[in-house]
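Read through the structure below, which is laid out as structure tokens, and then see the notes.
Protein chains in written order, with the numbering used here: chain Z, 22 to 128; chain D, 129 to 241.
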């Protein structure tokens, strides 16, 4: 079993839909990260969380430390949101990655 | 956020040649940088931890003689793929930063013919 599990692996949505990507982890962490990787390959950090909830524009990330679970929500999804979303956990410099969720938003 | 650059972004080489990939932290100093490899539709796999002024720490299964890492300054780490073979073709990504805060380079796509 991977230390970081994401679901779903693939997700197709219509423009405007509300999207949720889930992440569960099984190790002790200092922080949880949501990363975005576009087809060109570059990775952008969206959020770093150690508790509670963060919001940036149409993106919301939550974490439940007790349940070792995090969710990434995208409201009013847009085709430009199409990317791979990666959940990662860190403890100091040690970082572990989920397999990613490939999101496709259709116009 | 902080910026990490990689060069080249793409490289095609012949089997048997060596390829050097540079990773630079542009606006911060990085005593520790990380090199990852990503296979198609897979997540990042940590290859090695690059330590400024000392030897790199390689993950299990990664050949240190094949993937040479040099971290000669606080802003530059290099990964050299020696005697490259087609199976080394992959997407290589570096990162640097602080504990719990990593900034990723844009990646280098290596194709070995």
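All residues carry an ideal CB built from backbone N, CA and C; glycine is no exception.
Computed from a prediction, not measured in an experiment: that's the story for all the values here.
Handout entry: Inter-residue Cα distance where the pair is residue 107 of chain Z and residue 55 of chain Z
Key = 6 Å
Exercise for the section: Would you please verify whether the beta carbon of residue 196 of chain D is less than 8 Å from any beta carbon of chain Z? Expected result: no
Handout entry: Partner residues on chain D for residue 118 of chain Z, Cβ-Cβ distance less than 7 Å
Key = 171 and 172
Handout entry: Given residue 47 of chain Z as reference, the closest of Z:118, Z:38 and Z:122 once Cα atoms are compared
Key = Z:118
Exercise for the section: May I ask you to report which of helix, strand or coil DSSP gives residue 191 of chain D? Expected result: coil
Practice task
In angstroms with no decimal places, state the Cα-to-Cα distance between residue 187 of chain D and residue 66 of chain Z.
Solution key: 24 Å
Problem - Cβ neighbours of residue 29 of chain Z in the same chain (closer than 7 Å, five flanking residues each side left out) - result: 122
Problem - chain Z contact residues for residue 235 of chain D, given Cβ-Cβ distances below 7 Å - result: 62 and 63
Practice task
Might you give, ordered along the chain, the residues of its own chain that have their beta carbon closer than 6 Å to the beta carbon of residue 105 of chain Z, omitting 5 neighbours on each side?
Solution key: 58, 121 and 123
Practice task
Grab the span of the beta strand (DSSP E) containing residue 73 of chain Z for me, first residue to last.
Solution key: 73-77
Handout entry: Span of the beta strand (DSSP E), counted from its first residue to its last, around residue 102 of chain Z
Key = Element bounds for residue 102 of chain Z: n/a, residue is neither H nor E.
Handout entry: C-alpha gap between residue 220 of chain D and residue 201 of chain D, whole angstroms
Key = 20 Å
Practice task
Can you pull the chain D residues whose beta carbon is under 7 Å from the beta carbon of residue 121 of chain Z, in chain order?
Solution key: 171
Handout entry: Nearest-angstrom Cα separation, counted from residue 136 of chain D out to residue 225 of chain D
Key = 21 Å
Exercise for the section: Identify every residue that forms a DSSP beta bridge with residue 166 of chain D. Expected result: D:172 and D:219
Practice task
Measure the alpha-carbon distance for residue 128 of chain Z versus residue 152 of chain D and round it to whole angstroms.
Solution key: 38 Å
Problem - Rounded Cβ spacing between residue 133 of chain D and residue 240 of chain D (contact assumed at less than 8 Å) - result: The Cβ separation is near 23 Å, so there is no contact.
Exercise for the section: Counting only the same chain and skipping the five closest in sequence on each side, list residues whose C-beta sits under 8 Å from that of residue 100 of chain Z. Expected result: 36, 126, 127 and 128
Exercise for the section: Look at the alpha carbon of residue 183 of chain D and the alpha carbon of residue 175 of chain D, and state the distance between them as a whole number of angstroms. Expected result: 14 Å
Exercise for the section: List the residues of chain Z that residue 232 of chain D touches, going by C-beta distances under 8 Å, in chain order. Expected result: 56, 63, 64, 65 and 66
Problem - Endpoints, the beta strand (DSSP E) within which residue 240 of chain D is located - result: 236-240
Handout entry: chain Z contact residues for residue 219 of chain D, given Cβ-Cβ distances below 8 Å
Key = 62
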